[in-house]
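Undergrad: Heads up, the numbering used here is the position in the sequence shown plus 1, with the first residue counted as 1. All C-beta atoms in this analysis are idealised placements derived from N, C-alpha and C, irrespective of residue type, glycine included.
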Amino acid sequence: MTERSRQQQYKLSISHAQNYVSRKRELALENDRRFILNNQQKQYDPIAEEIARKKWLKCQKEYELAIRQYHSHVCNCCGRIMRISQLKILSKNHLQIDESVLKKVFYINQSESAKFCKTCASYIQKSKIPRMDSTFQK
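Following this line, the structure appears as structure tokens:
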């Protein structure tokens, strides 16, 4: 191969490389233009936005309610702190048990009705003093 043919081949390869780079730039610009056009064609949908906002507010209210209810109520008998869903409301009028047992299980709040955890409530309904009771003695 002569020196002249090598130079021509070199120039040709440089030309191909430059064409390749310029073509890549053109493709990148074209992709950018398409992206901009697609974003401009998307229209504002107020109904969809309102639905999404209502869903968000509903989730937020449920979360706040769960946080407020989380372990914020006390069992009237054993004093454990629990969620409201884990407590059962019992009334003195509906319980048919001895007065001394009633005084012991209605220890914290001595009103007509009180909240009890399910463990204490099951003992109370069987006319027994719960073992977790704050006044329990063997």
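Less than 8 Å between the CB atoms is what I'm expecting for ALA67 and LEU91, so what's the real figure, rounded?
TA: Contact flag wrong, Cβ pair sits at about 25 Å.
Undergrad: Using a threshold of 9 Å, state whether the C-beta atoms of SER128 and ILE98 are closer than that.
TA: Cβ distance < 9 Å, so SER128 and ILE98 count as in contact.
Undergrad: Please go through the same chain and pick out, in chain order, the residues whose beta-carbon is closer than 6 Å to the beta-carbon of PRO47, but skip the five residues on each side of it.
TA: Nothing meets the Cβ criterion.
Undergrad: By the 10 Å Cβ neighbour count, where 16 or more other Cβ atoms means buried, how is LEU88 classified, buried or exposed?
TA: It counts as buried.
Undergrad: Can you list, in chain order, the residues of its chain with a C-beta nearer than 6 Å to that of ILE85? Leave out the 5 residues immediately preceding and following it.
TA: Contacts found: GLN70 and HIS74.
Undergrad: Using the Cβ count rule (16 or more neighbours within 10 Å means buried), how would you classify CYS118?
TA: With 16 or more Cβ atoms within 10 Å of its Cβ, CYS118 is classed as buried.
Undergrad: Could you tell me the distance, in whole angstroms, from the CA atom of LEU38 to the CA atom of GLU4?
TA: The straight-line gap from Cα to Cα measures roughly 51 Å.
Undergrad: Given this structure, state the Cα-to-Cα distance separating GLN9 from ASN40, to the nearest angstrom.
TA: For GLN9 and ASN40, the distance between alpha carbons rounds to 47 Å.
Undergrad: Could you spell out the range, first to last residue, of the alpha helix (DSSP H) harbouring CYS79?
TA: Unbroken run through CYS79: none, as it is neither H nor E.
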